[in-house]
Structures are given as structure tokens and as C-alpha cells.
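Enquirer: One structure follows; several queries about it will come next.
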Amino acid sequence: MESVNTLVVEISAASSEQQNGIEEMNSVMRELDENVQSNASSSEESASSAEELSSQAKELTNIVDSLIDLAGVEEEA
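So for the sequence shown, the working numbering puts the first residue at 43; every next one is plus one.
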């Protein structure tokens, strides 16, 4: 009977350890999810900024081309 009690105590301890491990894993997974969401948001912001910069660069190129035309300067090939 004592060996059964010992086994029950060991099973209970193992179950408790397993529960602690699961809780720790859940915490890590939540943190990982938060990091992934933050990175996705940063990536979207970076893509938007890159698109805006590209648009501004094209606009600046058009302005420079117009100034060159107004000045009557021929571009070298």
C-alpha cells in the first residue's frame, strides 16, 4: 500500500511540474506573439515610409527635370 501512496505522490509532483512547464510555455508564447505583432506593425510602417519616400523622390526628379527644361540645359547621355 505504501508503494501505491508513493506512486500517487510522485504522479502528483510530476503533474505539478508539468503544469508549471505549461504555464511557462504559455507565457513565452504570449510574449512571442506580442513580438511578432509588433514586428508586423513596424514592417507595415516601414513599407509605408518607403512608398512615401519613393513618391517624393519621383516628385523631386520631376521638379529637377522641369528646372533643367526651364534653364535650357541639355542633359548629357
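Beta carbons: idealized from backbone N, C-alpha and C, even for Gly.
Can you name the start and end residues of the alpha helix (DSSP H) that Met71 belongs to?
Expert: Numbered from its first residue, the sequence shown carries residue 71 at position 29. Taken as a continuous stretch (DSSP letters only), the alpha helix (DSSP H) holding Met71 covers 44–113.
Enquirer: How many Å lie between Leu109 and Ser83 at the Cα?
Expert: Translated into positions along the sequence shown, residue 109 becomes position 67. Translated into positions along the sequence shown, residue 83 becomes position 41. Distance between the alpha carbons of Leu109 and Ser83 is about 39 Å.
Enquirer: To which residues of the same chain is Ser96 closer than 7 Å at the C-beta, ignoring the five residues directly before and after it?
Expert: Looking up residue 96 in the sequence shown gives position 54. Within the same chain, Ser96 has no close Cβ partners at all.
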